[in-house]
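Chemist: Residue numbers (UniProt numbering): 1 to 650. Backbone N, C-alpha and C define an ideal beta-carbon position, used for all residues, glycine too.
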């Protein structure tokens, strides 16, 4: 009896293993196995999946047709759910298996209305996973396209949450009333889109005005240039919205032949797809903004009972997220510009802390967005004078340091995508710490010059002026930046001394030696011009190494006051970087010149040496750009601010 039970368990385990193996096969053995196995077995794994679930995931249409012909595909099997409450049709919708879905729905049409534990229908999951073909099929089978998940999210929410923007455009075109539907958090589709900052060009790595978003800046430069060169698809003219809404998104768009040839390379293909996605998400944003009723955010009471039916209290109902506030928080330039162009009155929006969009742009340190708002807002003077609920002026907000999510006041980072234009992550190298301190000083001065003079003396509810708060918030950062500057300069001093020593020794040990009678270099008479080049290279290398050494010593003895980080420290950093690079490159060039004088190489070797010298300078340039670009970028904006500043009238 015991051995019979053990054999049954063994056979069951063996059958389950075969079920996984045969789920993607169409052999005669696998088809016969499923006909026998499905009649007796339930769940085959801890997810609660049945054989039918596995066949749906793998898209095994042949096996399903065989089950249908053998009358094994009964309603009971089709309605069986796994641990998540998903039927096999749910799994087919998530996997994009249209053929499987057709067989199941033909057998049991009302299967499209089944819901899982999260109250999701197969149509909802097809939208959430961006499976366009399955979505279209289920949509045609009288599925309820206006159903909601347990949290009130619609299929439009689902498509945007999954970043399937072309499918979202299709859904919005077919069901425009979904645009103003709120989920239980009060979020409309536009609210949700405003949290997807990484989907927009302004927060991508393909911008030339902010080249510090990738680990290697020269590579980002190359990508940004390639991005500008790539031809974008005209959504309205070239392809229809239904064509854009493919299973894999933008890659389904038909491209010109020469574009397909170029995009065969991974580098260009990735950039092309990114550019098309940016165009699609921008188009989706425009359509959502056109259908938005901004009275919801001006008069929150007008939202009505539709939101509260999903569990929102009347108190929270008045806190409906404002898409403009969200877009400003995340620094999405395209969305902010589109909203203000359509609804200029939205500029007077305030968040729960009483801050307007200028306040938020300053607090989040979005310099480009702040510049746009200062140039375009009609009532910027009034907005600059606003004070929030904690008594903070715009200058107080400019004094905050690091991620605002970690400092008062608290702001919820919905998607963990803070788009601060000044890179202030927790893991920072020495140069990044110095740059952060410099950027913070410049930012405070910039906002200070734009704001009213009397705001500088106002105290917040903690009794602090903006300058007092700035110094308090940056006391530890200033000490950290001072240590970082001294650490970097101390290491570079060693390099500068080493270069000085090498070149000083080379100056008195020229190639070929000296004539014992005259004291002149032996090669001077026959190779006068080459010797002159050698001496020039050595002399310039010595000059730049001495200049670097003097500059680095000055860095060591600097006071490192807060104002020193505005101009003095960045200038010294730039001079040190340039002089070290020039002295290193000229030392290498002098070595090549000396080798040519000593060995008199042939044409091939000489050509190789010239190429090698070019590679050395090229590598030095790449390292220079990657390590010091942020400092040069800072100095550019610092000088621009000094030139453009106009003193306030008294």
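Does the distance from the C-beta atom of residue 355 to that of residue 381 stay below 7 Å?
Modeler: no
Chemist: Do residue 338 and residue 286 count as a contact pair if the criterion is CB distance below 7 Å?
Modeler: yes
Chemist: Let me know if residue 555 comes out buried or exposed under the rule of 16 or more other beta-carbons within 10 Å of its beta-carbon.
Modeler: By the neighbour-count definition (other C-beta atoms within 10 Å, threshold 16), residue 555 is a buried residue.
Chemist: Can you list, in chain order, the residues of its chain whose CB lies under 7 Å from that of residue 606, leaving out five sequence neighbours each side?
Modeler: 596
Chemist: Looking only at C-alpha atoms, which of 56, 71, 81 sits nearest to residue 48?
Modeler: 81
Chemist: Does DSSP put residue 49 in a helix, a strand or coil?
Modeler: coil
Chemist: What does the Cβ neighbour count give for residue 581, buried or exposed, with the cut at 16 atoms within 10 Å?
Modeler: buried
Chemist: Note down the Cα distance separating residue 206 from residue 281, rounded to an integer number of angstroms.
Modeler: 15 Å
Chemist: Candidates 345, 433, 123, 474: which alpha carbon is nearest residue 487's?
Modeler: 433
Chemist: According to DSSP, is residue 211 helix, strand or coil?
Modeler: coil
Chemist: Leaving out the 5 sequence neighbours to the left and right, which residues in its chain are closer than 7 Å to residue 217 when beta-carbon positions are compared?
Modeler: Closer than 7 Å at the Cβ level, and outside the excluded window around residue 217, lie 211, 625, 626, 629.
Chemist: Spatial neighbours of residue 470 within its chain, please: C-beta separation below 7 Å, excluding the five flanking residues on both sides.
Modeler: 399, 444
Chemist: Taking a contact to mean a Cβ-Cβ separation below 7 Å, would you say residue 568 touches residue 548 in this structure?
Modeler: no
Chemist: On the three-state DSSP scale, how would you describe residue 456?
Modeler: In the structure shown, residue 456 sits in a helix (DSSP, three-state: H, G or I).
Chemist: Sorted by chain position, which residues of the same chain lie with C-beta nearer than 6 Å to residue 118's C-beta, five sequence neighbours on each side aside?
Modeler: 149, 150
Chemist: Please work out which residues of its chain come closer than 6 Å, Cβ to Cβ, to residue 392, disregarding the five sequence neighbours upstream and downstream, and give them in chain order.
Modeler: 460
Chemist: Helix, strand or coil for residue 161, going by three-state DSSP, please let me know.
Modeler: helix
Chemist: Going by DSSP in three states, residue 634 sits in which element: helix, strand or coil?
Modeler: helix
Chemist: If you drop the 5 nearest sequence neighbours on each side, which residues of the same chain put their C-beta closer than 8 Å to that of residue 492?
Modeler: 548, 552, 576, 580
Chemist: Are there 16 or more other CB atoms within 10 angstroms of the CB of residue 326, so buried, or fewer, so exposed?
Modeler: buried
Chemist: I'd like to check one pair, residue 104 with residue 125: are the Cβ atoms closer than 7 Å?
Modeler: no
Chemist: Under a Cβ-count criterion, where at least 16 other Cβ atoms within 10 Å of its own Cβ denotes burial, should residue 293 be classed as buried or exposed?
Modeler: The residue in question, residue 293, is exposed, as its Cβ has fewer than 16 Cβ neighbours within 10 Å.
Chemist: Please state whether DSSP places residue 343 in a helix, a strand or coil.
Modeler: coil
Chemist: Would you grab the beta carbon distance between residue 447 and residue 557 for me? Rounded to a whole angstrom, and I think it's under 8 Å.
Modeler: Not really, about 31 Å apart at Cβ, beyond 8 Å.
Chemist: Does DSSP classify residue 557 as helix, strand or coil?
Modeler: In the displayed model, residue 557 falls within coil according to three-state DSSP, outside both helix and strand.
Chemist: In this structure, does DSSP put residue 598 in helix, strand or coil?
Modeler: helix
Chemist: State whether the region 213 to 228 contacts the region 173 to 191, with contact taken as three or more CB pairs (one from each stretch) at a distance under 8 Å.
Modeler: no
Chemist: Using a Cβ-Cβ cutoff of less than 7 Å, which residues in the same chain neighbour residue 550 once the five nearest sequence positions on both sides are dropped?
Modeler: Scanning its chain for C-beta atoms nearer than 7 Å, with the 5 sequence neighbours on each side dropped, one finds no residue around residue 550.
Chemist: Pop quiz: residue 131 and residue 96 are said to be a contact at Cβ under 8 Å. What is the actual Cβ separation, rounded to whole angstroms?
Modeler: Their Cβ separation, rounded to whole angstroms, is 4 Å, which keeps residue 131 and residue 96 in contact under 8 Å.
Chemist: Can you look up residue 382 in the DSSP assignment and give me helix, strand or coil?
Modeler: helix
Chemist: When you compare only the Cα positions, how much space is there between residue 453 and residue 385?
Modeler: 10 Å
Chemist: Between which residues of its own chain and residue 336 is the CB-CB distance below 7 Å, once the five residues before and five after are set aside?
Modeler: 324, 327, 328, 369
Chemist: If contacts are defined as beta-carbon pairs under 8 Å, then residue 587 and residue 499 qualify, I think. What distance do you get, rounded to the angstrom?
Modeler: Contact annotation, residue 587 with residue 499: C-beta distance approximately 6 Å; criterion of less than 8 Å satisfied.
Chemist: Terminal residues of the continuous alpha helix (DSSP H) containing residue 438?
Modeler: Note, residue 438: alpha helix (DSSP H), 430 to 450.
Chemist: Specify the secondary structure class of residue 405 as computed by DSSP and reduced to three states.
Modeler: Per-residue confidence for residue 405 stands at a pLDDT of 35, beneath the threshold of 50, marking its modelled position as unreliable; the derived number appears in the next sentence. The answer is helix: DSSP assigns residue 405 an H, G or I state.
Chemist: Going by the beta-carbon positions, is the gap between residue 227 and residue 271 smaller than 7 Å?
Modeler: yes
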